[in-house]
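See structure below.
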Amino acid sequence: MGSNKQYFDEDPSVQSQESSIDLILPDLTTTLLTDRGVFSSQKIDAGTKFLLLNAPNPKESTRYALDLGCGYGAIARVLNHRSPLTEVWATDINKRALSLAKENLGNFGINVSHPDSIPDDISFDLIWSNPPIRIGKKPLQNLLEKWLKRLTLKGEAILVVQKHLGADSLASWLAGKNYGVERLMSKSGYRLLKVIRK
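Residues in the sequence shown are numbered consecutively from -11, following our numbering.
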């Protein structure tokens, strides 16, 4: 079984084998600790890179931001870099991913937590996510509904989804749930979607 097959499990059974990878962006180059059993453990995922290269910069008013499905923490690291006054949260159910994220993000004041441990009274001005499409349609919808409800009234979520994995049907579903959905960019088989509350 490949090292990514169980990345959405809480306790990956694949044997640990830590390594490191470089995240290289125009405004940030950093090295991140990674491991088998977490999402895209061998390199920065192309969808994540697409989001990080093309997402609008966080607004100055962004108080709370969330990296949903953080893996080893690449998105949260960039959120912190681009919006240093924002309180950034990173969450995942994968315990190995959370441990890696704590290692990668701990020196930057980023909150790394299991979803159940994020205080209910926090609403997010910004959510960035490469959501776990492969968990299945209904679990994905439940995940997004849970967290998009926690956007502030003027908050927005930036999601990257592969076209062939259902980006357009997901956008239609979100619109049917009365969210505003805008396609910010489409390139190399990826859609970058902005989702807001109506």
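All C-beta atoms in this analysis are idealised placements derived from N, C-alpha and C, irrespective of residue type, glycine included.
Treat the numbers as computed from the prediction; the structure is a model and nothing was measured.
By Cβ distance, which residues of its chain are closer than 6 Å to L56, with the 5 residues on each side in sequence left out?
I115, S117 and W135
If you reduce the DSSP assignment to three classes, tell me which class G168 lands in.
Three-state DSSP puts G168 in a strand.
Cβ shell of N68 (< 8 Å), same chain only, five flanking positions each side left out
T74, V76, L93, F96, G97 and I98
Chain-order list of residues whose beta-carbon lies under 8 Å from that of Y178 (same chain, five-residue window excluded)
A34, G35, F38, V148, V149, Q150, K151 and A155
Counted within 10 angstroms of its Cβ, other Cβ atoms place L11 as buried (16 or more) or exposed:
By the 16-neighbour rule on beta-carbons within 10 angstroms, L11 is buried.
Have a look at L153 and R122 and give me their C-alpha separation to the nearest angstrom.
8 Å
What three-state label does DSSP hand L138 in the structure shown?
Before going on, a small fix: residue 138 reads as Arg here, not Leu. Three-state result, R138: coil.
Which word fits G59, buried or exposed, when buried means at least 16 other C-beta atoms lie within 10 angstroms of its C-beta?
buried
Exposure label - P14; buried when at least 16 CB within 10 Å:
exposed
Might you give, ordered along the chain, the residues of its own chain that have their beta carbon closer than 6 Å to the beta carbon of E91, omitting 5 neighbours on each side?
L21
Nearest to G25 by CA position, among R84, S105 and A163, is which residue?
The residue with the shortest Cα to Cα distance from G25 is R84.
Close beta carbons around T19, own chain, < 8 Å, minus the five adjacent residues each side
S8, I9, D10 and L11
Limits of the unbroken beta strand (DSSP E) element including V100:
N99 to S101
Going by other Cβ atoms of all chains shown within 10 Å of its Cβ, with 16 needed for buried, is T50 buried or exposed?
buried
Would you report the Cα separation of M173 and S105, rounded to the nearest angstrom?
33 Å
Under three-state DSSP, which class holds S29?
coil
Excluding sequence positions up to five away, which residues of its chain have a Cβ less than 7 Å from the Cβ of N(-8)?
Confidence is the limiting factor: at N(-8) the pLDDT is only 43, short of 50, which leaves the residue's position unreliable, though a coordinate-based value still follows. Around N(-8): F27, S28 and S29.
Host alpha helix (DSSP H) of S87 (start-end)
From DSSP, the alpha helix (DSSP H) with S87 extends over K83 to L93.
What is the DSSP secondary structure of M173, reduced to helix, strand or coil?
strand
For V2, tell me which candidate among A53, N82 and K175 has the shortest Cα-Cα distance.
N82
R138 versus K186: straight-line alpha-carbon distance, rounded:
13 Å
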